[in-house]
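Input: a single structure, listed below in structure tokens.
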Amino acid sequence: MSSDTKPTEVLDVRGEVCPYPDVKTQKKVKSMKSGEILEVLVDYPLSAERIPRSMEKSGHEVLKVDKKGTSDWSILIKVK
Amino acid sequence: MTDVELMLYGLVVGAIFGFVLQRGRFCMNSAFRDILVMKEYTLLKAVALAILVQMIGFHLMATMGWISLNPKPLLWGAMIVGGFIFGIGMVLAAGCASGTTYRVGEGMVGSFVALLGLMIGAVVTKVGALAWLAADLKSGIFKTITTGDLGVDPGPLLKEGSTSLTLANIFDLDPWIFVAIIAVVILAALVWKRGGEETKVEGTLSERIFKKGWNWWVTGIAIGIIGMITFWTFKNYALGISGGWFGFLNALITGELHRLSPEMLNWFTFLVIGVVGGAAIAAVIAGEFKLRAPDARRLLQQFVGGLLMGIGAIIGTACNIGHILSGIPQLSLGSMLGGAFIILGCWVTAYIMFMRG
Chain E
1 MSSDTKPTEV LDVRGEVCPY PDVKTQKKVK SMKSGEILEV LVDYPLSAER IPRSMEKSGH
61 EVLKVDKKGT SDWSILIKVK
Chain G
1 MTDVELMLYG LVVGAIFGFV LQRGRFCMNS AFRDILVMKE YTLLKAVALA ILVQMIGFHL
61 MATMGWISLN PKPLLWGAMI VGGFIFGIGM VLAAGCASGT TYRVGEGMVG SFVALLGLMI
121 GAVVTKVGAL AWLAADLKSG IFKTITTGDL GVDPGPLLKE GSTSLTLANI FDLDPWIFVA
181 IIAVVILAAL VWKRGGEETK VEGTLSERIF KKGWNWWVTG IAIGIIGMIT FWTFKNYALG
241 ISGGWFGFLN ALITGELHRL SPEMLNWFTF LVIGVVGGAA IAAVIAGEFK LRAPDARRLL
301 QQFVGGLLMG IGAIIGTACN IGHILSGIPQ LSLGSMLGGA FIILGCWVTA YIMFMRG
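As you go down the protein sequences, you meet chains E and G in turn. For what it's worth, my numbering labels the leading residue of the first sequence as 1, then goes sequentially. For what it's worth, my numbering labels the leading residue of the second sequence as 1, then goes sequentially.
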């Protein structure tokens, strides 16, 4: 991982149910500074699709959505 | 159809339904909650399209004489109270009746716990300690309002002897007029809310079917067609979920497999078992099947949510599938009322849980 995509903070919402992964991601992003990178670890398929969509809609940059294993995703978000 | 044929048919249709639910992430709790909490309309569009396809499909099949519409009666007290309780329950359970059922197939233990709650709540309210409540809310001043009470003709396309009020017969107008009006409204809303939020689905056809989440319009059309096939073959009603889970636990407890109408028990119970199986197959193929559980507090919250869904579905005579997906396309006023209070209960609870502070 190159230095510019190294996450500033990691949010692990694996095991959480609908819609907590999304709500917790939104809260976390709000608490971070512009340009910082958040890595979200999620194992709930609907949120793995919905989080990138809603982050882009709120103007943040989705750097990467990586399916790391069975129902296991890492989402890299650059805060606007 | 023989019992065995009905069981097999229920399992097969249920498996296809479950496959589509999992691929499309089709959950009405998410659909209604997200427009409030996240300003997200994707799943709501899938729900609206499924309603549109079925509304036109059901009325077309009824006009051709292949089926008779069987809208739910206007049990107004029960539908208001039951719908509201169900709506609260689905937010706590983190999934509606269908969403909870398909997520059991994904290996989500929290949804399994919610489903246990749903079954217990349903049995307790239908044949157990809370049966009085369901009965009281359907009698006295809460008595069904029928076509006879209002002096209107039930009108065409309805099952023989039905006195259920619909949007068409209450105004003494042809149902197709309302089908056309609602179709135009839904299409206009879909065009208005087009673009922006769709998942960009790429890859080969097989990858797009088996590996990635479906686009909302594929899901909406597929679920609409499954509902039409169900009504056409089964004749009495389209899709339902909560009745099937009631039948499952009730049959286990009493050992009486034919305690209710045998056809209903077999059909809906095997349908929901099929849904879990179909969703599991879809999840395994997509690499999305994993046993996982939230913490103890959340599990308890989901169990209570499931209980409320079971209680609400029996009081209100249907869950989100029976009312919103299958009842509204038949223009049933009862299902519209029940559906509206399911959404209201969902919004009030979602506001309190996710939007305050």
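C-beta atoms are modelled at their ideal positions from N, C-alpha and C, and glycine is treated no differently.
Just measuring C-alpha positions, the residue of G/Q330, G/Y351 and G/I324 sitting nearest G/G83 is G/I324.
Secondary structure remark: continuous beta strand (DSSP E) runs of at least 3 residues inside the segment 63-105 of chain G: none found. Between the segment 225-241 of chain G and the segment 14-29 of chain G, the count of Cβ pairs shorter than 8 Å is three or higher; the stretches touch.
For G/D172, there is no enclosing alpha helix (DSSP H), since its DSSP letter is neither H nor E.
Between the segment 263-282 of chain G and the segment 35-49 of chain G there are fewer than three inter-stretch CB-CB distances shorter than 8 Å, so the stretches are not counted as touching. Under the Cβ distance rule, G/S30 counts among the residues neighbouring chain E, one pair being separated by less than 7 Å.
Listed as beta-bridge partners of G/S332 by DSSP are G/T166. Taking a cut-off of 8 Å on C-beta distances, the segment 18-31 of chain E touches the segment 43-50 of chain E, as three or more cross pairs fall below it. In the displayed model, E/S58 falls within coil according to three-state DSSP, outside both helix and strand. Fully contained in the segment 228-280 of chain G is no beta strand (DSSP E) run of length 3 or more. Per DSSP, reduced to three states, the secondary structure at G/W132 is helical. For a Cβ distance threshold of 8 Å, residue set R25, C27, S30 and G213 of chain G lies close to E/L46, ordered along the chain.
DSSP, reduced to helix, strand and coil, places G/W192 within a helical segment of the structure shown.
Ranking G/Q330, G/G310, G/G338 and G/F354 by CA distance to the CA of G/M90 puts G/G310 first. Neighbours of G/K290 across chain E, judged by C-beta separation under 7 Å: D43, T70 and S71.
Taking C-alpha positions only, G/K39 is separated from E/E56 by approximately 13 Å. Between G/S242 and G/A97, the C-beta spacing is below 7 Å.
Per DSSP, E/E9 is one residue of the beta strand (DSSP E) stretching across E9 to D12.
Sequence-ordered contacts of the segment 10-33 of chain E with chain G read R14, G15, E16, V17, C18, P19, Y20, D22, V23 and Q26 [C-beta pairs closer than 9 Å]. Taking the Cα positions, G/V152 is about 43 Å away from G/I253.
CA-to-CA, the gap between G/I181 and G/N169 works out to about 15 Å.
Counting along the chain, E/D72 sits inside no alpha helix (DSSP H); it lies in the beta strand (DSSP E) bounded by residues D72 to K78. Identification of chain E residues near G/A94 by a Cβ-Cβ cut-off of 7 Å yields V17 and C18, ordered along the chain. DSSP, read as helix, strand or coil, puts G/G312 in helix. By the C-beta density criterion, E/K78 is buried, having at least 16 other C-beta atoms within 10 angstroms. Put simply, of G/V37, G/T101 and G/T125 the residue whose alpha carbon is nearest the alpha carbon of G/I315 is G/T125. Under the 7 Å criterion on CB atoms, G/M38 is classed as interfacial with respect to chain E. In this structure, DSSP gives G/R298 a helical state, which the three-state scheme calls helix. Beyond the five residues adjoining it in sequence on each side, G/G107 comes within less than 6 Å, by CB distance, of F289, K290 and L291 in the same chain, given in chain order.
For G/P73, no CB of chain E lies under 7 Å from its own CB, so it is not counted at the interface with that chain.
Nearest neighbour of G/G312 by Cα position, chosen from G/V4, G/L133 and G/A280, turns out to be G/L133. Taken through DSSP and simplified to helix, strand or coil, E/D66 comes out as strand. Minimum Cα-Cα distance from G/A340 among the listed residues G/G14, G/L69, G/V13 and G/F86 corresponds to G/F86. For the C-beta of E/S74, not a single chain G residue is nearer than 7 Å; the gap to the nearest is close to 15 Å. Within chain E, the residues V17 have their CB atoms less than 8 Å from the CB of G/Q302, given in chain order. For G/G110, the nearest beta carbon of chain E is closer than 7 Å to its own beta carbon.
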